[in-house]
Amino acid sequence: MSAASSVRPVVLVTGAARRIGRAIALDLAAHGHDIA
Numbered sequence: 015m016s017a018a019s020s021v022r023p024v025v026l027v028t029g030a031a032r033r034i035g036r037a038i039a040l041d042l043a044a045h046g047h048d049i050a
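Residue numbers (this note's numbering): 15 to 50.
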């Protein structure tokens, strides 16, 4: 396995504390993204 195949996508979500931003962040995290 190469190092590139084990890298998870990173997403920056602004406004993730409440409402739609939070829902987006939780969905992305559930699908394997690291949230920044």
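Glycine included, each C-beta is placed from N, C-alpha and C at the ideal position. Because the structure is a prediction, the values reported are computed rather than measured.
Where A30 falls, given that 16 or more other Cβ within 10 Å makes a residue buried: Reading the sequence shown from its first residue, position 16 is the one you call residue 30. Classification for A30: buried.
Whole-Å CB distance - A39 paired with V27, under 8 Å assumed: By one-based count along the sequence shown, residue 39 stands at place 25. By one-based count along the sequence shown, residue 27 stands at place 13. Right, their Cβ atoms sit about 4 Å apart.
Any C-beta of chain D under 8 Å from that of R22: Here there is only one protein chain, and chain D is not present.
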